[in-house]
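First up is the structure itself, then whatever we jot down about it.
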Amino acid sequence: MPGPIDLHTHSSVSDGTETPTQLIEAALESGLGAVAITDHDSTAGWSEAFAAASGTGLMVIPGMELSTNYGPASVHMLAYLFDALDGGIVAETARIRDGRMHRAESIVAKIAEDYDLSWDDVLAESSDGTTLGRPHIADALVRKGIVPNRSAAFESILHWRGGYYEKYYAPSPLEGVRMIVRAGGVPVLAHPATYGKYRPMDDSVIGQLADEGLFGLEVRHRDNTEDGKLRLLKLAKKFGLEVTGASDYHGDGKPNRLAENTTEPEVLEKLLARATGSTPYLG
Ligand code: AMP
Ligand code: FE
Ligand code: FE
Ligand code: ZN
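All residue numbers for the sequence shown refer to numbering that gives the first Met the number 0, where the first residue is 0 and numbers rise by one.
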């Protein structure tokens, strides 16, 4: 594989700030050999990303970051190379996106009681079909001059303890793994050791996900704590899981830079061998 492999990026189909075309251009500028487009709960960016990579030699791996709920915790699961037309995937992601929309509307209604912010302001920060999230509310707050940037919004008004937070519908991690595997895809737990304040999933639960077909753990991610990474490496060994690394690039929406963390070519080879739902695009 010529060039680094980055398996976690977002476009404006969800909460990245660049269109899929711009994301591919950025991947080329960074000298990546392979990039996965993994928008939240949506595959809508795949075809544009493929088209943008045409003739460039870049490998584009179609993927998604599936939202799941484990008790009070939101657990993100990367999914690669599944069939985007699989009935289970189509129905469940539509349900999640719809839930996200109503949840965002409800958060905005609460914020509007205290700040000059409307639902139209938030819609103006997204396009039709975008997987809506707090980042779009953050962008509206920035545009209105209420906060200076996305991060400031997340540290105050949009913080889960900020007084306006709400959850949204998502399947359990176990249902998520089963759904991805049924669609011929390869599931990897995204940033499973963030913050480290509390551990949403016991080791045994990760073992159960491994039994159901979980492929790997995203260990090298800037939000995983150092202690957490050591724990994840031990768990990977114990349950026979692969180890991945990625940037979680969001364009200008986050400081994360492409290729700041990468995945070994041998691991990508195994991932490609496991997948049966779709194929990578060789640009
Ligand atoms: P939501 O899915 O609506 O709950 O919003 C969470 C999303 O916001 C995550 O996918 C992150 O990519 C993004 N996010 C979280 N913290 C920040 C931050 N400090 N700055 C920018 N984006 C963030
Ligand atoms: Fe995000
Ligand atoms: Fe995530
Ligand atoms: Zn992400």
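We put the CB at the ideal spot given by N, CA and C, even for glycine.
Fair warning: this is a prediction, and the values are worked out from it, not measured in the lab.
- Would you mind giving the Cβ-Cβ distance between Leu231 and Pro191, rounded to the nearest angstrom? I have them listed as a contact below 8 Å. 6 Å
- Message: Do Leu77 and Glu217 have their beta-carbon atoms positioned less than 8 Å apart in this structure?
- Response: yes
- Beta-bridge partners of Asn68, as assigned by DSSP: Ser73
- Near ligand 1, which residues have their beta-carbon closer than 5 Å to a heavy atom? Gly132, Arg133, Pro134, Arg149, Ser150, Phe153 and Lys253
- Query: For Arg181 versus Asp40, is the C-beta spacing smaller than 8 Å?
  - Reply: no
- Query: In this structure, does DSSP put Asp222 in helix, strand or coil?
  - Reply: coil
- Message: Taking its Cβ as the centre, do 16 or more other Cβ atoms sit within 10 Å of Leu299, making it buried, or is it exposed?
- Response: Absent from the structure is residue 299, since the part of the chain shown begins at 0 and ends at 282.
- Message: Closer than 7 Å to a non-hydrogen atom of ligand 4 - does that hold for the CB of Ala48?
- Response: no
- Message: If I follow the unbroken beta strand (DSSP E) through Gly244, where does it start and stop?
- Response: Glu241 to Gly244
- Do you know offhand how far Arg286's Cα is from Arg177's? Residue numbering for the chain in the displayed model covers 0 to 282; residue 286 lies beyond these limits and cannot be assessed.
- Are Gly2 and Gly30 closer than 8 Å when you measure CB to CB? yes
- Those residues which DSSP pairs with Tyr280 across a bridge: Val59
- Message: Quick check on Thr278: buried or exposed, where buried means 16 or more other Cβ atoms within 10 Å of its Cβ?
- Response: exposed
- Glu217 CB to nearest heavy atom of ligand 4 below 7 Å: no
- Nearest candidate by alpha-carbon position, reference Arg94, set Glu259, Ser203, Gly183 and Tyr168: Tyr168
- By how many angstroms is the C-alpha of Gly54 removed from the C-alpha of Tyr114? 48 Å
- Do the CB positions of Leu116 and Lys143 come within less than 8 Å of each other? yes
- Query: Quick one: what's got a C-beta closer than 8 Å to His135's C-beta in the same chain, skipping five residues either side?
  - Reply: Asp14, Ala103, Val121, Glu124, Ser125 and Thr129
- Residues with C-beta closer than 5 Å to any heavy atom of ligand 4, in chain order: Glu64 and Asp247
- Task: Determine, using beta carbons only, whether Ala51 and Tyr79 come nearer to each other than 8 Å.
- Result: no
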